[in-house]
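>
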Amino acid sequence: MRKIPALVAVGGLLLSLTACATQSAAGGSAGCEPAVAPGDASNAISATGEIGSSPRIDVPSPLYASENERSVLTAGEGDMVGEGAPVIFQFTILNGRDGSVLQESEYGENGGTILTATEDAATNPGIEDALLCTTVGSRIAVVLSPEDSHGGQGIAQLGVEADDSLVYVIDVREAFLPKADGANQLITRSDMPAVVTAPDGTPGITVPDTEAPTELVAETLKAGDGETVEADDQVVVHYTGVLWDGGTVFDSSWQNGAPALFTLDGIVPGLAEALEGRKVGSQVVAVIPSELGYGEQGSGSIPPGSTLVFVVDILGIR
């Protein structure tokens, strides 16, 4: 499956992201407690300019924080971001010591990066949890400790020293479902893979010990009631793909740690056909014959002529 390219992790900078709602679409609630509190450093930052455009940022340098801090500069009126919600955001990163800009995302209507908001942040501590309990349309300032900024090692090629804090100004643009939330559906076909889901939504897939269907078969496991996916939509999904022969996982956004963002013309034809017309909130299982997958060429760990199985949670439409 083609995905939006990953944001380049520069010199150990801890942003290795794929560019791939009350219990809303974002899974939040009115009683949401932010995981990162404001502090003197984050409160000292200001930024001007429209949300979604490159801001003019004032950092009273030198600025340091021994613990992560997060302040709301502009409160949005959209949905609350809850645990596990995929978030599209735009950002500028600065060195707190001198206020110099280190990295900036693409701004504008179609710019941004997608990341999962979580308090149990492993890849981007201080950023994933800073997104929790924000509202869509907000601009926040985050100051990270040296440890969470760069492991306390600095980033020599960017002029970042070991005790420097990094400053992030983040615009929260969109948030989506953390997992499919539709109503369970009864599947009666005996030749379809069995699917069970963990509490966080991660699917387990068991392929039957039978011959694979020779035509595309797609069934709705959970029927959502959100927007309908159309051919030219950008969709946000979580997915796992396995080989019919042996049930080996060849790709999984759940394992990659972030959902994927794509248009239907950027994925294999069988999966595009399986998703078009489904609703946001749905979980779909699709068995895709080789000619609608990667054909006789194969791809990476997918052998030539392989029948594919995908389980896809449709989280939103951008």
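Counting from 7, one number per residue, gives the positions in the sequence shown under my numbering. Don't be surprised by glycine CBs; every beta carbon is placed ideally from N, CA and C.
(1) Report the rounded CA-to-CA distance for T269 versus L138, giving the unit in angstroms.
(2) Leaving out five residues before and five after S106 in sequence, what residues of the same chain have Cβ atoms less than 8 Å from its Cβ?
(3) Measuring straight from C-alpha to C-alpha, what distance separates A189 and G283?
(4) On the criterion of 16 or more Cβ atoms from any shown chain inside 10 Å, does G84 qualify as buried, or is it exposed?
(5) Take the Cβ of D257 as the centre, count every other Cβ of all protein chains shown within 10 Å, and call the residue buried at 16 or more, exposed below.
(6) Whole angstroms is fine: what's the gap from T194's alpha carbon to E153's?
(7) Alpha carbons only, please: which of E302, N262 and I51 is nearest the one belonging to S67?
(8) Which residues in the same chain as L222 place their Cβ atom closer than 8 Å to its Cβ, once the five residues preceding and following it in sequence are excluded?
(9) Using the Cβ count rule (16 or more neighbours within 10 Å means buried), how would you classify G252?
(10) Quick check on this structure: which residue in E115, G232, K185 and R76 has the alpha carbon closest to the alpha carbon of T246?
(11) Could you give the DSSP three-state label for D271: helix, strand or coil?
(12) Once the 5 residues before and after G82 are set aside, which same chain residues still bring their CB inside 6 Å of it?
(13) How would you label R103, buried or exposed, when you count the other beta carbons within 10 angstroms and need 16 or more for buried?
(14) What are the complete beta strand (DSSP E) segments, minimum 3 residues, inside the segment 37–101?
(15) Check whether the segment 298–309 and the segment 200–207 touch, using three or more Cβ-Cβ pairs below 8 Å as the test.
(16) Does the distance from the CB of V248 to the CB of L227 come in under 8 Å?
(17) Which parts of the segment 210–247 are runs of the beta strand (DSSP E), unbroken and 3 residues or longer, counting only runs that do not cross its ends?
(18) Are the segment 165–182 and the segment 52–65 touching, with three or more C-beta to C-beta distances below 8 Å?
(19) For G158, I'd like the list of residues in its chain whose CB is within less than 7 Å of its CB, leaving aside the five on either flank, ordered along the chain.
(20) What is the DSSP secondary structure of L164, reduced to helix, strand or coil?
(21) For the candidate residues P199, A71 and A224, whose alpha-carbon lies nearest to that of T212?
(22) Considering Cα atoms alone, identify which of L108, G114 and L314 is closest to A224.
(23) Using three-state DSSP, classify Q159 as helix, strand or coil.
(24) Check whether the Cβ atoms of V274 and I323 sit closer than 8 Å, and answer yes or no.
(25) Determine the direct distance from the alpha carbon of V290 to that of L69, and round the result to whole angstroms.
(26) What do you get for F316, buried or exposed, if any count of 16 or more other CB atoms within 10 angstroms of its CB means buried?
(27) One question on the structure: do G118 and E112 come within less than 8 Å of each other, judged by their Cβ atoms?
(28) Can you check whether the CB of A181 is closer than 8 Å to the CB of V241?
(29) Go to S259, then tell me how far its alpha helix (DSSP H) extends in each direction, as first and last residue.
From the atom records:
(1) The residue labelled residue 269 in the question sits at position 263 within the sequence shown. The residue labelled residue 138 in the question sits at position 132 within the sequence shown. Straight across, the Cα-Cα distance linking T269 with L138 is about 27 Å.
(2) Here residue 106 refers to the residue found at position 100 of the sequence shown. Excluding sequence neighbours, S106 sits near L100 and G165.
(3) Here residue 189 refers to the residue found at position 183 when the sequence shown is read from its first residue. Here residue 283 refers to the residue found at position 277 when the sequence shown is read from its first residue. One alpha carbon belongs to A189, the other to G283, and they sit about 17 Å apart.
(4) By one-based count along the sequence shown, residue 84 stands at place 78. By the neighbour-count definition (other C-beta atoms within 10 Å, threshold 16), G84 is a buried residue.
(5) Residue 257 sits at position 251 when you count from the first residue of the sequence shown. Sixteen is the threshold: when 16 or more other Cβ atoms of the shown chains lie within 10 Å of the Cβ of D257, as they do, the residue is buried.
(6) On the sequence shown, position 188 is the one that residue 194 refers to. On the sequence shown, position 147 is the one that residue 153 refers to. Distance between the alpha carbons of T194 and E153 is about 53 Å.
(7) Translated into the one-based positions of the sequence shown, residue 67 becomes position 61. The shortest Cα separation from S67 among E302, N262 and I51 belongs to I51.
(8) Position 216 of the sequence shown, counting from 1, holds the residue named residue 222. Residues of the same chain with a CB within less than 8 Å of the CB of L222, apart from the 5 flanking positions on each side, are G276, E279, A280, A292, V293, I294, P295 and L298 in chain order.
(9) Residue mapping note: residue 252 aligns to position 246 of the sequence shown, counting from 1. With fewer than 16 other Cβ atoms within 10 Å, it is exposed.
(10) Taking the first residue of the sequence shown as position 1, residue 246 is located at position 240. A check of alpha carbon separations from T246 across E115, G232, K185 and R76 identifies K185 as the nearest.
(11) If you number the sequence shown from 1, residue 271 lands on position 265. It is helical.
(12) Looking up residue 82 in the sequence shown gives position 76. So the qualifying residues of the chain are T141, V142, G143 and S144.
(13) By one-based count along the sequence shown, residue 103 stands at place 97. Flag for R103 reads buried.
(14) Those beta strand (DSSP E) runs which fall completely within the segment 37–101 and span 3+ residues are 52–54, 62–64, 75–80 and 92–101.
(15) Not touching, per the Cβ criterion.
(16) Looking up residue 248 in the sequence shown gives position 242. Looking up residue 227 in the sequence shown gives position 221. With respect to L227, V248 sits apart: the two C-beta atoms are not nearer than 8 Å.
(17) The segment 210–247 contains these whole beta strand (DSSP E) runs: 223–229.
(18) They touch, by the three-pair rule.
(19) As a working note, residue 158 is residue 152 in the sequence shown. Only P152 and A168 meet the Cβ criterion.
(20) Mapped onto the sequence shown, residue 164 falls at position 158. The answer is helix: DSSP assigns L164 an H, G or I state.
(21) On the sequence shown, position 206 is the one that residue 212 refers to. Nearest C-alpha to T212: P199.
(22) Position 218 of the sequence shown holds residue 224. Ranking the options by Cα distance to A224, first place goes to L314.
(23) Here residue 159 is taken as the residue at index 153 of the sequence shown, counted from 1. Q159 falls in the coil class under three-state DSSP.
(24) Taking the first residue of the sequence shown as position 1, residue 274 is located at position 268. Taking the first residue of the sequence shown as position 1, residue 323 is located at position 317. Not closer than 8 Å, so no.
(25) For the purposes of this step, residue 69 is taken as the residue at position 63 of the sequence shown. For the purposes of this step, residue 290 is taken as the residue at position 284 of the sequence shown. Near 48 Å, if we compare the C-alpha coordinates of V290 and L69.
(26) For this step, residue 316 is matched to residue 310 along the sequence shown. Buried is the call here.
(27) Residue numbering aside, residue 118 sits at position 112 when the sequence shown is read from its first letter. Residue numbering aside, residue 112 sits at position 106 when the sequence shown is read from its first letter. In contact: G118 and E112 (Cβ atoms closer than 8 Å).
(28) Walking along the sequence shown from the start, residue 241 turns up at place 235. Walking along the sequence shown from the start, residue 181 turns up at place 175. Contact check for V241 against A181 fails: the beta carbons are separated by 8 Å or more.
(29) Sequence index remark: in the sequence shown, residue 259 carries index 253 (1-based). It spans S259 to N262 - the alpha helix (DSSP H) in which S259 sits, taken as one unbroken run.
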